[in-house]
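Q: Quick one: structure below, then a few questions.
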Amino acid sequence: MTRARGSMTAFGLTREEIRRQIQLPWSEAFRISWRYVTIRLGRSLVTASTIFLSVAFLMAVCTMILAAKATGHAEEDPQAFAATLARYKWSVILGFMICATGIISALLMSVTERFREIGTMKCLGALDNFIVRMFLIEASLMGLFGSMAGAIVGALIMLVWAGVREGFSLWVKVPWGIKSPTGEWGFLGYFFASILAGIILSVISAIIPAYRAAKLQAADALRTEI
Amino acid sequence: MAMEQMMPSGEMQERMQEAARKLEPMMEQVSEFVVRTRDVHKIYLMGKVEVHALRGVTLDIKRGEYISIMGPSGSGKSTLFNMIGGLDKPSSGSVYINEVDLAQLDAYELAWLRCRTIGYIFQTFNLIPVMTALENVTLPMIFAGVPEDERRDRGMELLKRVGLAERWNHKPFELSGGQQQRVAIARALANDPAIILADEPTGNLDLKTGKEIIELLKELNQEKGVTIISATHDLKMIDVSDRVIWIRDGQIARIEDRSKIRVEAALEVEEALMEGELPDVP
Numbered sequence: 001m002t003r004a005r006g007s008m009t010a011f012g013l014t015r016e017e018i019r020r021q022i023q024l025p026w027s028e029a030f031r032i033s034w035r036y037v038t039i040r041l042g043r044s045l046v047t048a049s050t051i052f053l054s055v056a057f058l059m060a061v062c063t064m065i066l067a068a069k070a071t072g073h074a075e076e077d078p079q080a081f082a083a084t085l086a087r088y089k090w091s092v093i094l095g096f097m098i099c100a101t102g103i104i105s106a107l108l109m110s111v112t113e114r115f116r117e118i119g120t121m122k123c124l125g126a127l128d129n130f131i132v133r134m135f136l137i138e139a140s141l142m143g144l145f146g147s148m149a150g151a152i153v154g155a156l157i158m159l160v161w162a163g164v165r166e167g168f169s170l171w172v173k174v175p176w177g178i179k180s181p182t183g184e185w186g187f188l189g190y191f192f193a194s195i196l197a198g199i200i201l202s203v204i205s206a207i208i209p210a211y212r213a214a215k216l217q218a219a220d221a222l223r224t225e226i
Numbered sequence: 227m228a229m230e231q232m233m234p235s236g237e238m239q240e241r242m243q244e245a246a247r248k249l250e251p252m253m254e255q256v257s258e259f260v261v262r263t264r265d266v267h268k269i270y271l272m273g274k275v276e277v278h279a280l281r282g283v284t285l286d287i288k289r290g291e292y293i294s295i296m297g298p299s300g301s302g303k304s305t306l307f308n309m310i311g312g313l314d315k316p317s318s319g320s321v322y323i324n325e326v327d328l329a330q331l332d333a334y335e336l337a338w339l340r341c342r343t344i345g346y347i348f349q350t351f352n353l354i355p356v357m358t359a360l361e362n363v364t365l366p367m368i369f370a371g372v373p374e375d376e377r378r379d380r381g382m383e384l385l386k387r388v389g390l391a392e393r394w395n396h397k398p399f400e401l402s403g404g405q406q407q408r409v410a411i412a413r414a415l416a417n418d419p420a421i422i423l424a425d426e427p428t429g430n431l432d433l434k435t436g437k438e439i440i441e442l443l444k445e446l447n448q449e450k451g452v453t454i455i456s457a458t459h460d461l462k463m464i465d466v467s468d469r470v471i472w473i474r475d476g477q478i479a480r481i482e483d484r485s486k487i488r489v490e491a492a493l494e495v496e497e498a499l500m501e502g503e504l505p506d507v508p
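This is the structure in structure tokens:
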């Protein structure tokens, strides 16, 4: 019996057909990932908290810029303002780097914890990229919720603080839209950008752990004793 | 045939039928052997020491057989088991499933094989803890692209078959060991596989539950004609096995047919006792 005829594979199906017959639809991947995030809520919150903190800091700095511009302090001493901005910029970048390290280590831990489950899924016919997909969806969910909460809290704290110092009338002068009338970034613009930054940061940090998980050999994964 | 149960819609259906048409004549031609291994060697590197886990295993397993692979721990039975399941590659020699050489398969084809041709049962049950019993059973069907309604129906049917229909919404930690293993058996049957590979399926169960699980496997073996290959050192398995393959030091020590089994098993226990390594005697 000849087995591999032309594009036919061993099973009498073309490679294309085999590819189509092994799948994990995004909706199902999303459902499973959502399960993991919500069931291990404590763990997810700890991971999300690092994103929360760094996005809160980012959003606070952005709100501070808006407040400084609204009160006119930015124009009074542009040099001092620029110097302050530069300092904060580095702090934000540093914060994000620390946050990335936190996410990577939390997710690597989660890979170790889920060794057996990942091996089992592979035995049941999961491809490497299903595992990657599930981890990335999980990371983006944690990124989304962490940074949403972070952006809201960071903005609120800074708005209240600036209000207390400079008078709450400055709230009226802050450009609330995506863009300010002068074409610069507005509050919502900063808000969405911060959330997006948080999600991107979280997904990028998840890449290494996700690949680590996907590359687990099913046999090794099952052999490991608890 | 398994294929016909997962046809979603018109065009897809046609393609599937076409695939089935191609596949069916091949299935008929396929020999009576569902698993064949030819001179399989496996050498692991542990640090700088080479461990020769398998030393030339040649084995033929017929469709519908109930096989027990027995041997002390470290004998290479788990390694052999992983080879048959396509989880591990031999250092030399070949493994054929349905006359297909596993060495020739790419990652997709191996996943396809694991998903549809082989069902796994583990000593530690290995249910996904965040999923309910039904979700665990239907997971392999998701990978196989079975539509949701059908997944649910078939999943419930399988749970009913293993006697856990009313527990479909329970998470693994809410189930006893025996119940978890039943769910795992239902999951192994999800895509109607030709082979069930059971790695010490009774290893974590008490005597009575272990017996029930063995009986269930035997029933399924007779009902569905599914080949069951079980690595074990549970002597209770011997009663239901068509053949017992004894592995020692990475080689087949001997293969026993059903007729001879009981006497030999008793002798084996005796021999083990003499050597001071007592197997799991009930």
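Sequences listed follow chains A and B, in order.
Here this note's numbering is used: the first residue of the first sequence is 1, the next is one more, and so on.
Here this note's numbering is used: the first residue of the second sequence is 227, the next is one more, and so on.
Using N, Cα and C, we set each Cβ at its ideal position, and we do this for glycine too.
Could you tell me how far apart the beta carbons of A:PHE139 and A:SER194 are, in whole angstroms, since I believe they sit closer than 8 Å?
A: Per the sequence presented here, residue 139 of chain A reads as Ala, with Phe not at that position. That pair is no contact at about 17 Å.
Q: Looking at A:ILE178: is its Cβ nearer than 8 Å to the Cβ of A:LEU188?
A: Their beta carbons are under 8 Å apart, which means A:ILE178 touches A:LEU188 by this criterion.
Q: Just checking my contact of B:PHE307 with B:CYS341 at CB under 8 Å: how many whole Å lie between their CB atoms?
A: That pair is no contact at about 18 Å.
Q: State the DSSP-derived secondary structure class of A:LYS89, mapped to helix, strand or coil.
A: Here A:LYS89 sits in helix by DSSP.
Q: Mapping the DSSP letters down to three states, classify B:PRO251 as helix, strand or coil.
A: Confidence at B:PRO251 is low in this model, with a pLDDT of 48, below 50, so the placement of that residue is unreliable and no value is reported for it.
Q: What residues of chain A sit near B:GLY371, judged by a beta carbon separation below 7 Å?
A: By Cβ distance, chain A contributes GLN21, GLN23.
Q: Just the C-alpha distance for B:GLN231 and B:VAL260, rounded to the nearest angstrom, thanks.
A: Low per-residue confidence applies at B:GLN231: pLDDT is 44, beneath 50, and the placement is therefore not dependable, though the value from the model is reported in the following sentence. The alpha-carbon atoms of B:GLN231 and B:VAL260 are separated by roughly 22 Å.
Q: Suppose you measure from the CA of A:ALA218 to the CA of A:THR120; what does that come to, to the nearest Å?
A: Cα to Cα, A:ALA218 sits roughly 7 Å from A:THR120.
Q: Closest to A:PRO25 by C-alpha separation, out of B:PRO373, B:ILE421, B:LYS397, B:THR453, would be which residue?
A: Among B:PRO373, B:ILE421, B:LYS397, B:THR453, the Cα nearest to that of A:PRO25 is on B:PRO373.
Q: In this structure, does DSSP put B:THR263 in helix, strand or coil?
A: Note: B:THR263 maps to strand in three-state DSSP.
Q: Could you pull the start and end residues of the alpha helix (DSSP H) that A:GLY143 belongs to?
A: Here the alpha helix (DSSP H) through A:GLY143 covers 128-166.
Q: Mind pulling the alpha helix (DSSP H) runs of 4 or more residues that sit fully within the segment 295-365 of chain B?
A: With a minimum length of 4 residues, the continuous alpha helix (DSSP H) runs that stay inside the segment 295-365 of chain B are 303-310, 333-342.
Q: Along the chain, where does the beta strand (DSSP E) containing B:VAL277 start, and where does it finish?
A: Element bounds for B:VAL277: 275-288.
Q: Compute the Euclidean distance between the alpha carbons of B:LEU423 and B:ILE455, then round it to the nearest angstrom.
A: Cα to Cα, the separation comes out at about 5 Å.
Q: For A:VAL174, which three-state DSSP category applies?
A: Three-state DSSP puts A:VAL174 in coil, outside helix and strand.
Q: Using beta carbons (cut-off 8 Å, strictly below), is A:TYR211 in contact with chain B?
A: Output row for A:TYR211: interface = no.
Q: Around the C-beta of B:GLU445, are 16 or more other C-beta atoms found within 10 angstroms, so that it is buried, or is it exposed?
A: Result: exposed.
Q: Put B:SER456 into one of helix, strand or coil per three-state DSSP.
A: Here B:SER456 sits in strand by DSSP.
Q: Around the C-beta of A:LYS173, are 16 or more other C-beta atoms found within 10 angstroms, so that it is buried, or is it exposed?
A: Its Cβ having fewer than 16 others within 10 Å, A:LYS173 is exposed.
Q: Excluding the 5 residues preceding and the 5 following B:THR458 in the sequence, name in chain order all residues of the same chain whose CB lies nearer than 8 Å to its CB.
A: Cβ within range, chain order: SER294, ILE295, MET296, ALA424, GLU426, PRO427, THR428, GLY429.
Q: Could you tell me which residues DSSP puts in a beta bridge with B:MET272?
A: In the DSSP output, where bridge partners are listed per residue, B:MET272 has B:VAL275.
Q: Beta-carbon of A:LYS215 versus every beta-carbon of chain B: anything under 8 Å?
A: So no, A:LYS215 is outside the interface.
Q: Just tell me which of B:ASP483, B:ARG484, B:GLN477 has its CA closest to the CA of B:ASP265.
A: B:ASP265 has its Cα closest to that of B:GLN477, out of B:ASP483, B:ARG484, B:GLN477.
Q: Based on Cα-Cα distance, which residue from B:GLY311, B:THR305, B:ILE471, B:ILE354 lies nearest to B:HIS278?
A: For B:HIS278, the nearest C-alpha among the options comes from B:THR305.
Q: According to DSSP, is A:LYS179 part of a helix, a strand, or is it coil?
A: It is a strand residue.
Q: Report the rounded CA-to-CA distance for B:GLU258 versus B:ASP286, giving the unit in angstroms.
A: The alpha-carbon atoms of B:GLU258 and B:ASP286 are separated by roughly 9 Å.
Q: For a contact defined as C-beta to C-beta under 8 Å, what are the partners of A:ILE208 on chain B?
A: What A:ILE208 touches in chain B: nothing, since even the nearest Cβ is about 20 Å away.
Q: Flag this pair as yes or no: are the beta carbons of B:LEU322 and B:ARG262 separated by less than 8 Å?
A: Note that residue 322 of chain B is Tyr in the sequence shown here, rather than Leu. Going by C-beta atoms, B:TYR322 is nearer than 8 Å to B:ARG262.
Q: Quick check on A:GLU28 - is its C-beta less than 8 Å from some C-beta in chain B?
A: Yes, its Cβ sits closer than 8 Å to a Cβ of chain B.
Q: Which residues does DSSP list as the beta-bridge partners of B:TRP472?
A: DSSP output for B:TRP472 lists B:MET296, B:ARG480 as bridge partner(s).
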